[in-house]
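Visitor: Have a look at this one before I ask anything.
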Amino acid sequence: MRDPKLAPERSSTALPLIFYGRIIHSTSRTEVTILSKASLGINKDGKIAFVETAHVSPAEAAKRHHGFGNASIIHLKPLQFLFPGLIDTHMHAPQYPNISLGMEGDLKEWCEGWTDPIEASYSDTSKAGRVYPAMVSNLLTNGTTTVAYNSSIHPDATNVLAEICKEKGQRAIIGKLCIETGATHGNMEKSVEQSLKDEQKVVEHILNKVDPKGELVLPCIQPRAGSYVSESLMSGLGKLCHNATDEKSGLRIQAHMCETPLEVSNMHALHPGYQSYADMYNHHGLFGPRTILAHCIHLTDRDIDVMAERGVGVAHNANSNTCLRDGWCRVRRLLERGVKVGLGTDCSAGYSISILNAIRQASNVSRHLAISTGDEKWVLKFEELVYLATMGGAEVCSLSDRVGNFETGKEFDALVVDVGLDDNINVQGWEHDEEAMLKKWVFMGDDRSIRKVFVAGKLVAGKDTEAQKSGAMWMAS
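The sequence shown begins at 1 in full-length UniProt numbering and counts up one residue at a time.
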């Protein structure tokens, strides 16, 4: 039975809704905007209708905006703030049970000893039903509202993942992985024809059955990498997503690129005659503004030229790149050339599903580059790190018109963060320094400090019970 001191359940979930208190979001790569006291209104469609400053009370804001006359008003506590939902631009769903395992080896050893066996096991579709619900719930609890998932070669298991994401309210990009050669433990498809047929099956299932309106779950084409997909299959995938460069209607694409020198060498052996890795993908029509490329560590100047020209995005996976000793992605170089960059966890090569961890690892990798080169330019500033985790990720996923910050008209993907609940976030003495509060959460926080998670205005994860026990009650009027 709910404590009578708590706001009614509808006050935290029913729309329209107004939050009043501290609002923090990234407004550019160089600026994090902190509104100390502001009213943010979410309309009945789950979109941000307005953001009013401290000079306007939430009650006044409700009167000024059509449709908010009967809106619930949530007053955030002094050490709480609203923050945009975190975006994971690269995560391997079938590898979730393997997190923290196999890091003793390099990429090749890890793929053969751990990745191929676990991915091949999803030929048993029931395994997807056992693994994926807990995984999606855990990601939401950790504040990840959008994920670009890599799946396995199995269409039925991939469709289960799509269904679970829609059911639990997580925004997701999902496609069946295509592997024709180079893998072990039977983790390969029988033929080019079967691979293309199964990829089309997943695309149609998502578009026609899982999410016909494209509200949350979006399909993609997914070659594992150039070293695993032949010219014939790569060409077929390009034809399958011939509209991928169309910003309005094309399918999204996910692929790995330039992860290790060996992987690059294997790609050229399988696809001879191309000037660069990027030229190979681009030749087959797989490069465009909806393309997400994981890793991009060992790039040539030619790679970056083609990437910038075609508008592709990069998923920077600092944790996994360090664990498997792949190398350091030079994020500064990409940003300076106008290439979009977001953050990925790359589980299970990365040992944490938290994008907060991804921020910290990206910060460390940039500093290691500065140490190794003696050049401070590589260091990513705090504002840039926040951007990469939110707006940068939205850009990489081609969702920046819908999510990433709290601009009016975007969908309300958001976290209610409380830095006053957990012993691990020591804000004592810094309660009135809002930038310090944010930095302490980014570098010290975890799922315990994320009290509520919203996607498209709907509450998809929360901690009412814990909040009640701690006495951190929400106040509603």
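Just so it is clear, CB atoms sit at the ideal spot from N, CA and C, and this is done for glycine as well.
Quick check on M91: does DSSP put it in helix, strand or coil?
Guide: Strand at M91.
Visitor: Candidates L196, L459, R367: which alpha carbon is nearest C329's?
Guide: Among L196, L459, R367, the Cα nearest to that of C329 is on R367.
Visitor: Check the C-beta distance from P289 over to G311 and give it rounded, since I have them as a contact under 8 Å.
Guide: About 4 Å; that satisfies the 8 Å criterion.
Visitor: I believe S152 touches Y122 by the beta-carbon criterion, under 8 Å. Please report the beta-carbon distance rounded to the nearest angstrom.
Guide: Confirmed, Cβ separation roughly 4 Å.
Visitor: I'd like the span of the beta strand (DSSP E) that includes A183, first residue to last.
Guide: Careful: A183 lies outside any beta strand (DSSP E) and carries neither H nor E.
Visitor: Look at the Cβ atom of T144, then the Cβ atom of I355, and state whether they are nearer than 7 Å.
Guide: For T144 and I355, yes; Cβs fall inside 7 Å.
Visitor: M257 and L207 - do their beta-carbons sit closer together than 7 Å?
Guide: Contact: no.
Visitor: How about R224 and V455: do their beta carbons lie closer than 7 Å?
Guide: No.
Visitor: Straight-line CA distance for A71 to G169?
Guide: Each residue's alpha carbon lies about 23 Å from the other.
Visitor: Is DSSP giving Y274 helix, strand or coil here?
Guide: Looking at Y274 - three-state DSSP - the assignment turns out to be coil, as it is neither helix nor strand.
Visitor: Looking at the unbroken alpha helix (DSSP H) that takes in V341, where does it start and where does it end?
Guide: Where V341 is concerned, there is no enclosing alpha helix (DSSP H), although the beta strand (DSSP E) it sits in stretches over 340 to 343.
Visitor: Since N138 is in the alpha helix (DSSP H), which residue starts that stretch and which ends it?
Guide: Where N138 is concerned, the enclosing alpha helix (DSSP H) stretches over 125 to 141.
Visitor: Roughly how many angstroms separate the alpha carbons of Q95 and E119, rounded to a whole number?
Guide: Answer to the nearest angstrom: the Cα atoms are 7 Å apart.
Visitor: Can you check which of these residues, G338, H316, L335, is closest to D346 by C-alpha distance?
Guide: Closest by alpha carbon: H316.
Visitor: Rounded to the nearest angstrom, how far is the Cβ of L388 from that of L343, given a contact under 8 Å?
Guide: Rounded, the Cβ-Cβ distance is 5 Å, consistent with contact.
Visitor: Following the continuous alpha helix (DSSP H) through N150, name the residue where it begins and the one where it ends.
Guide: It is not in any alpha helix (DSSP H) - N150 instead sits in the beta strand (DSSP E) that spans 144 to 150.
Visitor: Work out the CA separation of L140 and P16 for me, nearest whole Å.
Guide: Their backbone Cα atoms lie some 22 Å apart in a straight line.
Visitor: Give every residue of the same chain whose Cβ lies closer than 7 Å to the Cβ of K248, excluding the five residues on either side of it in the sequence, and list them in chain order.
Guide: Below a pLDDT of 50, predicted positions are generally treated as unreliable, and K248, at 47, falls in that range; the measurement from the model is reported next regardless. Answer for K248: no residue qualifies.
Visitor: Based on the DSSP secondary-structure assignment, which residues constitute the bridge partners of Q295?
Guide: Before going further, note that residue 295 is His rather than Gln in the sequence given. The partner list for H295 (beta bridge, DSSP) reads M257.
Visitor: Between S477 and I74, what straight-line distance do the alpha-carbon atoms span, to the nearest angstrom?
Guide: Any reading at S477 needs caution, since the residue's pLDDT is 29, under 50, leaving its predicted position unreliable; the model's value is listed next. Spanning the two alpha carbons is a distance of roughly 7 Å.
Visitor: Return the first residue and the last residue of the beta strand (DSSP E) that H316 is part of.
Guide: H316 -> beta strand (DSSP E) spans 313 to 316.
Visitor: Around the Cβ of L262, are there at least 16 other Cβ atoms within 10 angstroms (buried) or fewer (exposed)?
Guide: Classification for L262: exposed.
Visitor: If you reduce the DSSP assignment to three classes, tell me which class G21 lands in.
Guide: G21: strand per DSSP, three-state reduction.
Visitor: Indicate whether the contact test is met: 3 or more Cβ pairs, each with one atom in the region 15 to 29 and one in the region 39 to 46, closer than 8 Å.
Guide: Judged by Cβ distances under 8 Å, the region 15 to 29 makes contact with the region 39 to 46, as three or more pairs qualify.
Visitor: Whole-angstrom Cβ separation of G226 and M188, contact assumed at under 8 Å?
Guide: Actually they are not in contact, since the Cβ atoms of G226 and M188 sit about 15 Å apart, beyond 8 Å.
Visitor: Express the C-alpha separation of K440 and G67 in angstroms, rounding to a whole number.
Guide: Taking the straight line joining both Cα atoms gives about 37 Å.
Visitor: What separation, rounded to the nearest whole angstrom, lies between the Cα atoms of V419 and I179?
Guide: Near 44 Å, if we compare the C-alpha coordinates of I179 and V419.
Visitor: Pick out the complete beta strand (DSSP E) segments inside the region 11 to 75, 3 residues or longer, and give them in chain order.
Guide: You should have 17 to 28, 31 to 42, 48 to 52, 72 to 75.
Visitor: Quick one: what's got a C-beta closer than 6 Å to F412's C-beta in the same chain, skipping five residues either side?
Guide: Within the same chain, F412 has close Cβ partners I42, G46, I48, F454, G457.
Visitor: Taking the straight line between their C-alpha atoms, what separation do you get for I353 and N138?
Guide: Taking the straight line joining both Cα atoms gives about 8 Å.
Visitor: Is the CB-CB distance between A148 and A128 below 7 Å?
Guide: Going by C-beta atoms, A148 is not nearer than 7 Å to A128.
Visitor: I87 and G338: beta carbons closer than 7 Å?
Guide: Taking 7 Å as the Cβ cut-off, I87 and G338 do not qualify as a contacting pair.
Visitor: Mapping the DSSP letters down to three states, classify H336 as helix, strand or coil.
Guide: The displayed chain sequence assigns Glu, not His, to residue 336. Of the three classes helix, strand and coil, the one that applies to E336 here is helix, per DSSP.
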